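Taken in order, these protein sequences are the chains called W and X.
Read in the working numbering, the first sequence has 492 at position 91, and its numbers run on one by one without any break.
Read in the working numbering, the second sequence has 689 at position 288, and its numbers run on one by one without any break.
For each residue, glycine too, the CB sits at the ideal point set by N, CA and C.
Owing to the predicted nature of the structure, the values given are computational and were not obtained by experimental measurement.
Protein chains: 2
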Amino acid sequence: MEVTTQLPRFLVSVRERCNQHLERLLPAAEERPEVIHAAMRYSVFAGGKRFRPALVVGAGKVFGAPEAALDDLACGVELIHTYSLIHDDLPCMDDDDLRRGKPTLHKVYGDGVAVLAGDALYALAFEVIAHCGSPEVIAEVARSTGTRGMIGGQVADILLEGEKITPEDLEYIHSHKTGRLITGCLVAGAMLGDARPEELEMVRAFGERVGLAFQIVDDVLDETGDAETLGKNPGSDKDRDKNTFPKMHGLEASVERAVRLVEEAKNALVLPERDTIILRMLADFVVQRVT
Amino acid sequence: MEVTTQLPRFLVSVRERCNQHLERLLPAAEERPEVIHAAMRYSVFAGGKRFRPALVVGAGKVFGAPEAALDDLACGVELIHTYSLIHDDLPCMDDDDLRRGKPTLHKVYGDGVAVLAGDALYALAFEVIAHCGSPEVIAEVARSTGTRGMIGGQVADILLEGEKITPEDLEYIHSHKTGRLITGCLVAGAMLGDARPEELEMVRAFGERVGLAFQIVDDVLDETGDAETLGKNPGSDKDRDKNTFPKMHGLEASVERAVRLVEEAKNALVLPERDTIILRMLADFVVQRVT
Numbered sequence: 402m403e404v405t406t407q408l409p410r411f412l413v414s415v416r417e418r419c420n421q422h423l424e425r426l427l428p429a430a431e432e433r434p435e436v437i438h439a440a441m442r443y444s445v446f447a448g449g450k451r452f453r454p455a456l457v458v459g460a461g462k463v464f465g466a467p468e469a470a471l472d473d474l475a476c477g478v479e480l481i482h483t484y485s486l487i488h489d490d491l492p493c494m495d496d497d498d499l500r501r502g503k504p505t506l507h508k509v510y511g512d513g514v515a516v517l518a519g520d521a522l523y524a525l526a527f528e529v530i531a532h533c534g535s536p537e538v539i540a541e542v543a544r545s546t547g548t549r550g551m552i553g554g555q556v557a558d559i560l561l562e563g564e565k566i567t568p569e570d571l572e573y574i575h576s577h578k579t580g581r582l583i584t585g586c587l588v589a590g591a592m593l594g595d596a597r598p599e600e601l602e603m604v605r606a607f608g609e610r611v612g613l614a615f616q617i618v619d620d621v622l623d624e625t626g627d628a629e630t631l632g633k634n635p636g637s638d639k640d641r642d643k644n645t646f647p648k649m650h651g652l653e654a655s656v657e658r659a660v661r662l663v664e665e666a667k668n669a670l671v672l673p674e675r676d677t678i679i680l681r682m683l684a685d686f687v688v689q690r691v692t
Numbered sequence: 402m403e404v405t406t407q408l409p410r411f412l413v414s415v416r417e418r419c420n421q422h423l424e425r426l427l428p429a430a431e432e433r434p435e436v437i438h439a440a441m442r443y444s445v446f447a448g449g450k451r452f453r454p455a456l457v458v459g460a461g462k463v464f465g466a467p468e469a470a471l472d473d474l475a476c477g478v479e480l481i482h483t484y485s486l487i488h489d490d491l492p493c494m495d496d497d498d499l500r501r502g503k504p505t506l507h508k509v510y511g512d513g514v515a516v517l518a519g520d521a522l523y524a525l526a527f528e529v530i531a532h533c534g535s536p537e538v539i540a541e542v543a544r545s546t547g548t549r550g551m552i553g554g555q556v557a558d559i560l561l562e563g564e565k566i567t568p569e570d571l572e573y574i575h576s577h578k579t580g581r582l583i584t585g586c587l588v589a590g591a592m593l594g595d596a597r598p599e600e601l602e603m604v605r606a607f608g609e610r611v612g613l614a615f616q617i618v619d620d621v622l623d624e625t626g627d628a629e630t631l632g633k634n635p636g637s638d639k640d641r642d643k644n645t646f647p648k649m650h651g652l653e654a655s656v657e658r659a660v661r662l663v664e665e666a667k668n669a670l671v672l673p674e675r676d677t678i679i680l681r682m683l684a685d686f687v688v689q690r691v692t
């Protein structure tokens with residue numbers, strides 16, 4: 402009983418705490434210039450799961466990181482995740498109309514405000530993360546989102562859309578577009594605690610596998626899910642001829658790969674002196690939606 | 402002779418040093434994904450004056466800031482300035498075709514890559530600025546670029562285009578869109594040295610006036626300059642019915658206001674124990690182009 406309720410309770414507590422802090426951190430929708438603050442709030446409070454904040458807090462707690470710093474980092478990475486979704490949805494990128502069951506930001510506020518709202522969320526993220534007081538954490542997060550991380554993956558994704566690519570290309574796209582920020586959340590959270598360098602490397606290895614599994618599961622759900630549970634139009638990857646794991650390897654092999662990656666991730670965490678149960682549960686959670 | 406050559410020599414030395422560092426900091430155009438790195442380099446090395454790095458170094462040297470940290474901060478703010486130009490030029494914003502005498506980035510690489518190149522320069526900026534080792538400096542720069550700074554001004558600028566606005570609205574736009582990052586460069590540079598809180602406030606007051614003067618001069622030059630010296634099509638503000646100082650107050654009053662602001666800026670620097678000559682020269686430099 403304890404074990405089966407531990408993760409849901411953890412996820413709810415992180416989400417509620419994160420939402421409270423975000424409410425306080427985001428300028429009021431009445432503050433000038435009103436439209437940008439309303440736009441930022443529209444996307445941030447569209448009902449995200451706050452999975453990345455959970456990774457930050459989960460990894461931080463393993464290494465005894467202080468709560469206040471984890472709150473800042475958790476909110477910061479969620480702001481970054483939200484900015485990346487806004488820009489990815491733009492007509493000049495993935496051109497999506499629906500996100501988390503609501504019209505995408507540019508559909509409501511126009512493309513110009515959507516670009517600026519994304520930019521502004523990114524700026525706010527670093528202002529918030531700077532409160533952690535650790536330049537190393539700021540650098541880790543910045544690196545995760547740059548061309549050697551999230552943006553590198555997104556560029557390759559949009560440029561190779563509809564192209565015939567290799568399995569290595571696909572792995573590059575997924576591990577960068579989605580995996581790198583997930584890894585960054587875990588590593589940065591651990592850095593706020595007392596993790597030793599060799600422990601950080603284990604967390605990184607864990608994150609890389611969980612992150613890749615996360616995007617594979619996302620691909621699978623785009624084929625098998627319905628609009629209500631997905632919050633977006635299913636089959637949109639296929640419609641746009643996007644490069645996905647199911648397209649290249651089939652549904653069954655994709656699910657198997659994700660499950661195997663999660664096992665490998667857990668095996669990478671050889672930390673007998675630390676309590677890593679929450680991280681293991683978070684890894685399992687990633688594939689629970691398709692198994 | 403000494404005085405008349407001191408500023409040009411300073412500007413050249415900052416520019417050369419900054420360009421060398423940027424060359425090293427930006428991933429090679431051959432590094433995957435090649436197109437984004439080529440795009441970033443296209444805009445960063447389009448021939449900017451590196452005026453914001455000069456403000457960083459100028460303010461830092463007044464307060465004895467270490468050179469290595471100033472190099473990082475100087476490059477970081479130039480990356481941010483470049484990202485903001487790329488996004489401002491997009492068709493969904495100012496829709497400009499020419500920048501620094503070359504086609505704007507989206508004209509060459511498309512809108513999607515232009516959005517991502519801007520994002521990537523912003524990410525790299527924070528990675529580089531984190532090297533300074535000061536979370537307070539990172540927070541100051543992030544704040545300068547957010548909705549209470551640069552982006553706030555840009556939002557108001559595009560939303561109020563063609564509208565009848567008050568002189569206070571115009572001052573809000575200019576002091577945020579351009580003035581706030583200029584102020585941030587000066588304050589953050591001083592923070593890397595041993596500036597006391599009351600000294601930082603003087604630098605901030607200096608920056609606010611220089612920053613507003615800078616944008617007024619920019620408006621004036623858009624009316625009086627030619628394509629060759631401007632590096633962009635003159636009269637583009639008028640064509641787009643943008644809110645400018647000359648449009649609201651006339652050319653002569655605009656120049657007078659800029660000159661007065663620069664005087665006020667210099668008067669705000671009451672620092673008898675410090676050598677502020679470079680900052681005073683940088684302030685004069687802002688209005689030299691129109692006087």
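- Query: What whole-angstrom Cβ distance do N536 of chain X and A589 of chain W have, given they're in contact under 8 Å?
  - Reply: The sequence given here has Pro at residue 536 of chain X, not Asn. Rounded, the Cβ-Cβ distance is 14 Å, inconsistent with contact.
- Item | Assigned exposure category for E569 of chain W - 16 Cβ within 10 Å defines buried | By the 16-neighbour rule on beta-carbons within 10 angstroms, E569 of chain W is exposed.
- From V693 of chain X to V463 of chain W, what does the alpha carbon distance come to, in whole angstroms? The shown model of chain X, from 402 to 692, leaves out residue 693 of chain X, and the question about it has no answer.
- How should N644 of chain W be labelled, buried or exposed, when 16 other C-beta atoms within 10 angstroms of its C-beta is the threshold for buried? Counting Cβ neighbours within 10 Å, N644 of chain W comes out buried, since at least 16 surround it.
- Got a sec: which bits of the region 577–594 of chain X sit with their beta carbon under 8 Å from any beta carbon on chain W, in order along the chain? Contacts with chain W (Cβ-Cβ distance below 8 Å) from the region 577–594 of chain X involve no residue at all.
- Message: Determine, for D640 of chain W, whether the minimum Cβ-Cβ distance to residues of chain X falls below 8 Å.
- Response: Judged by the 8 Å Cβ criterion, D640 of chain W is not in contact with chain X.
- Item | Neighbourhood of Y484 of chain W by C-beta, 6 Å cutoff - its chain only, sequence neighbours within 5 removed | Excluding positions up to five away in sequence, the list reads G519, L522 and Y523.
- Task: Out of W:E599, W:R433, W:T505 and W:K578, point me to the one whose CA is closest to G448 of chain W's CA.
- Result: Shortest Cα-Cα distance from G448 of chain W to any of W:E599, W:R433, W:T505 and W:K578 involves W:T505.
- Task: With DSSP as the reference, please indicate the residues paired to A503 of chain W in a beta bridge.
- Result: Before going further, note that residue 503 of chain W is Lys rather than Ala in the sequence given. Per DSSP, W:R500.
- Any Cβ of chain X within less than 8 Å of the Cβ of L601 of chain W? Cβ-Cβ to chain X under 8 Å: no for L601 of chain W.
- Message: Quick check: is the beta carbon of Y443 of chain W nearer than 8 Å to any beta carbon in chain X?
- Response: No, because no Cβ of chain X sits closer than 8 Å to the Cβ of Y443 of chain W.
- Message: 8 Å is my cut-off, CB to CB: does Q693 of chain X come that close to chain W?
- Response: Past the edges of chain X, shown from 402 to 692, lies residue 693 of chain X, and the structure says nothing about it.
- Item | Cβ shell of Q616 of chain W (< 6 Å), same chain only, five flanking positions each side left out | Taken in chain order, the residues that qualify are H575 and T579.
- Shorter than 8 Å from the beta carbon of I679 of chain X to some beta carbon of chain W? No, because no Cβ of chain W sits closer than 8 Å to the Cβ of I679 of chain X.
- Query: For E564 of chain W, which three-state DSSP category applies?
  - Reply: Of the three classes helix, strand and coil, the one that applies to E564 of chain W here is coil, per DSSP.
- Task: Less than 8 Å between the CB atoms is what I'm expecting for I437 of chain X and T548 of chain W, so what's the real figure, rounded?
- Result: In this structure I437 of chain X is in contact with T548 of chain W, their Cβ atoms being roughly 5 Å apart against a cut-off of 8 Å.
- Grab me the residues of M402 of chain X's own chain with a C-beta within less than 6 Å of its C-beta, minus the 5 sequence neighbours each way, in chain order. Reliability of the predicted coordinates at M402 of chain X is poor, the pLDDT of 43 falling under 50, and no value is obtained from them.
- Message: Can you pull out the residues from the region 480–494 of chain X whose beta carbon lies closer than 7 Å to at least one beta carbon of chain W?
- Response: Residues H488, L491, C493 and M494.
- Counted within 10 angstroms of its Cβ, other Cβ atoms place A526 of chain X as buried (16 or more) or exposed: Buried is the call here.
- Message: Give me the residue from W:T692, W:L613, W:A515 and W:S637 with the minimum Cα distance to D623 of chain W.
- Response: A check of alpha carbon separations from D623 of chain W across W:T692, W:L613, W:A515 and W:S637 identifies W:S637 as the nearest.
- Beta-carbon proximity of A669 of chain W to R610 of chain W, cut-off 8 Å: Yes; because the gap between Cβ atoms is below 8 Å, this pair is in contact.
- Where does S414 of chain X land, buried or exposed, given buried means 16+ other C-beta within 10 angstroms? An exposed status is given to S414 of chain X, since fewer than 16 other beta-carbon atoms sit within 10 Å of its beta-carbon.
- Give a yes or no on whether the minimum CB-CB distance between P428 of chain W and chain X is below 8 Å. Yes, contact with chain X.
- Is it the case that the Cβ atoms of P454 of chain W and C419 of chain W are separated by a distance below 8 Å? Contact flag set, yes.
- Task: Under 8 Å Cβ to Cβ from I679 of chain X, same chain only, skipping five residues before and after it: list those, please.
- Result: For I679 of chain X, where only same-chain residues beyond five positions count, the Cβ hits under 8 Å are Q407, L408, F411, G459, K462 and V463.
- Task: Determine the closest residue to I583 of chain X out of X:V687, X:A429 and X:D496, with distance taken between C-alpha atoms.
- Result: Of X:V687, X:A429 and X:D496, the residue nearest in Cα terms is X:V687.
- Message: I'd like to know whether the C-beta atoms of D512 of chain X and L486 of chain X end up nearer to each other than 8 Å.
- Response: No, Cβ-Cβ distance for D512 of chain X and L486 of chain X is not below 8 Å.
- Task: Report yes or no: is there a C-beta of chain X within less than 8 Å of the C-beta of P504 of chain W?
- Result: No, because no Cβ of chain X sits closer than 8 Å to the Cβ of P504 of chain W.
- Message: So, under 8 Å CB-CB, G477 of chain X and V445 of chain X are touching, yes? Tell me the CB distance rounded to an integer number of Å.
- Response: Taking a contact as a CB-CB distance under 8 Å, the pair G477 of chain X and V445 of chain X does not count as one, their CB atoms being some 12 Å apart.
- Message: Assuming V691 of chain W and A659 of chain W are in contact, meaning their beta carbons sit under 8 Å apart, how far apart are those beta carbons, in whole angstroms?
- Response: Rounded, the Cβ-Cβ distance is 7 Å, consistent with contact.
- Query: How far does the alpha helix (DSSP H) with E602 of chain X in it reach, from first residue to last?
  - Reply: Segment P598 to T625, the alpha helix (DSSP H) holding E602 of chain X.
- Measuring alpha carbon to alpha carbon, tell me which of W:A466, W:Y443 and W:F646 ends up nearest R675 of chain W. Among W:A466, W:Y443 and W:F646, the Cα nearest to that of R675 of chain W is on W:A466.
- Query: Is G550 of chain W buried or exposed, if buried means 16 or more other CB atoms sit within 10 Å of its CB?
  - Reply: It counts as buried.
- Task: Note down, in chain order, all residues in the region 504–521 of chain W with a beta-carbon under 9 Å from any beta-carbon belonging to chain X.
- Result: Those residues of the region 504–521 of chain W that come within reach of chain X (Cβ to Cβ, closer than 9 Å) are H507, G511, D512, G513, V514, A515, V516, L517, A518, G519, D520 and A521.
- Can R500 of chain W and K633 of chain W be called in contact, C-beta distance under 8 Å? In terms of Cβ geometry, R500 of chain W and K633 of chain W form a close pair [threshold 8 Å].
- Query: If we cut at 8 Å on Cβ distances, does G547 of chain X have a partner in chain W?
  - Reply: Yes, contact with chain W.
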